[in-house]
Every structure is written in C-alpha cells, then in structure tokens.
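Notes to accompany the following structure.
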Amino acid sequence: MTAVPLAQRNRFELLAMEAVSDPVLDLLASHASCRSYRPDPLPPGTLERLMVAGQSAPTSSNLQAYSVVAVEDPARKEALMALCGNQRMIKECPLFLVFCPDIHRLHYVCARQGYPFGAAFLEMFLLASVDAALVAQNVATAAEAMGLGSCMCGSIRNDPQAVIELLELPPGVFALVGLCVGYPAKPLEVKARLPIETILHHERYSTDDMESGVHAYDRLMAAGRTYDGRRVSISGEPDTSRDDSYGWAEHTARRLTRPETIAASASLRENLRRILEAHGWSFQ
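Numbering of the sequence shown is given in our numbering, commencing with residue 556 and proceeding in unit increments.
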C-alpha cells in the first residue's frame, strides 16, 4: 500500500506525511463521496457488519444516545428522495441509513428504573448529535473498507417533520444525517482539502496562515474547475459562469451570503428548533 492517497488528499508540500505508508491512513485519505450507484444488491450480512463498526464508535458516558434507521424499501427511499432535494442517489443506492440522536430510549430507561429524566437541556442535544455523527462516520469508513461507496446527506434535515412522520420517529428522536451505501457506478475522485497548517493550531488558535492557506487552496480548486456546473448565482451580483478565477473562496462566500444559497430548503430548516422542541428536545 502506497501513500499516494495521502498526497492526493492534501496536494501541498507535506513531506512528512508523504513518507507515511499505512493502509488505515490510506483508506481514510481516499474517501470520496459517491453520488451514483449500481443497482447491485449488497451481500448478506453487510448491514450487520456496518452496524458493528458503527456501534464501535466512541459514545459519551456509554449512553449510546443514537439510533439508526435502515431503509431498503424502494417506495420509502423514493419518498425520502423527494424530501431531500430530489437527490437521485437516495433512490439508486441499495441501502440508505438515517442516523438519529435518540433520547427516547434514555427516557424509557429512567422510567424503567423508577427515576425522572432530568437531562432535558442543550448539552443532551449536543451529546446525542455527536454520538450519532460518530456512528455515521464509522459506518461510512467501514463501507469504504468493504469496497462500497457512500455519501452523507444533510438534506435529510430539509423537512424534519415529514421525515419524523415517514420513519415514525418517536419523541426525542430526529434525523440528523443520512448515508447512501452501495457499489459506485463510476470511479470516484478524491477532493483536495485546505492545507493542514490552515486548520491545525499549535497550543493556541492562530490566524497567521489563514490567508496563505485560503489563497493556495482557492487557486487549486479554481485551476481544477471544481465548481463548473454548480456555481452559485446571486441576484444583483456579477455572472460567474465564465470566470476562470471562481474557486473555493468565491463559492463558499456566495453560499453563505444568504439563507437561500446555503440550501434550497433554508426556509424549512429555519423551523428546525421549533419542530425539535415540539418533538421532545430542549435547548435550555
């Protein structure tokens, strides 16, 4: 196993990293989102193996405040696709997993043992969300180790109430992120990331390398025409469709300028707190 994936992931001068040869690091650095799937079914036992990997993730105080809903029924996947911006990969993949922060089971355990549930505060929401996210990442990595492709779907939060109803999620459970799993229909391309010195801070937070890192990464992404076909248009701003300098910085800034440019469903997500509070979560 060579260290090529590590170099592909960063593509900047990281001589110490390029000298590393490790199959686990290579697997992690080779991750690429898969948005097109073959119709081939998964081998028997695949879901169970993925769940073993997921449950092996760290969990705060061993509370295991998460649940996973596995969706394989074509009709249900199509319904979820409609709720997630009509992303065809959700319908195409043989397995769609929905990772949910879950305090419903913890309420049950407290009642079972004869105690009140006294953890209704913001920290519990964060704890359960982190737990669920760690499980999702473990499952994605395990899928790729098995030769499968995967893609996280934050659009599962586009219409949280509809997803709650479709998956029959009880109070205290909501869909945090979805994950498509299946065999890639075409080769995947590793996407470069920001230079490590831009995101890694030693002893204290520093902005010393921020501009140089953003500039280098911006030029790299522009040169590769990474955003061709999906550039963000904003009413009243210059047309960027023929701008060769359109890179990560311009794309990111445009996406974050207005609610409607970060997601087509921004108006729905604005109601997320209200929906979650009505569904058993507290943000005190």
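C-beta atoms are modelled at their ideal positions from N, C-alpha and C, and glycine is treated no differently.
Which listed residue (the options) has its alpha carbon closest to that of residue i
i	options	result
S616	A730, V685, D581 and G835	V685
D581	K741, A771, G779 and A700	A700
W803	S710, A717, L749 and P596	L749
A747	E805, V769, R810 and L682	V769
Q716	L827, A675 and H659	L827
L811	I789, R797 and L831	I789
T807	M679, M776 and R829	M776
A688	C589, K646 and F729	F729
L831	L755, D714 and R797	D714
Element boundaries [beta strand (DSSP E), containing residue i]
i	result
Y621	Y621 to V626
G733	V732 to G737
Pairwise C-alpha distance: residue j and residue i
i	j	result
I836	I719	With the sequence shown as reference, residue 836 is identified as Trp, and Ile is not the correct amino acid for it. Straight-line Cα distance between these residues: approximately 13 angstroms.
N641	L743	21 angstroms
R774	C708	27 angstroms
A833	Y801	42 angstroms
M556	V579	A caution first: M556 carries a pLDDT of 36, below 50, which makes its placement in the model unreliable, though a value can still be read off. Looking at the two C-alpha atoms, the distance is approximately 10 angstroms.
P726	A584	38 angstroms
V623	P793	44 angstroms
L857	A697	Residue numbering for the chain in the displayed model covers 556 to 839; residue 857 lies beyond these limits and cannot be assessed.
Y782	A587	16 angstroms
P814	G791	16 angstroms
L682	A771	35 angstroms
D799	R809	16 angstroms
A637	P671	39 angstroms
E825	Y760	31 angstroms
Y621	L731	10 angstroms
G673	L618	14 angstroms
A629	F651	It is Pro, not Ala, that sits at residue 629 in the sequence shown. Rounded to whole angstroms, P629 to F651 spans 10 angstroms at the Cα level.
R660	E766	46 angstroms
D764	A778	21 angstroms
E647	H757	44 angstroms
For residue i, the first and last residue of its enclosing alpha helix (DSSP H)
i	result
F651	Careful: F651 lies outside any alpha helix (DSSP H), inside the beta strand (DSSP E) at L650 to P656.
G704	Segment G704 to C708 is the beta strand (DSSP E) holding G704; no alpha helix (DSSP H) there.
F680	L677 to A700
D581	P578 to A584
G609	T601 to Q610
P629	P629 to L638
C-beta atoms of residue i and residue j nearer than 8 angstroms
i	j	result
P599	P649	no
G609	V736	no
V626	V653	yes
S611	M644	no
P739	G704	yes
C639	S710	yes
L721	A634	yes
| query | Considering only residues of the segment 709 to 797, which uninterrupted beta strand (DSSP E) runs meet the minimum length of 3 residues and lie entirely inside it, listed in chain order? | reply | 732 to 737
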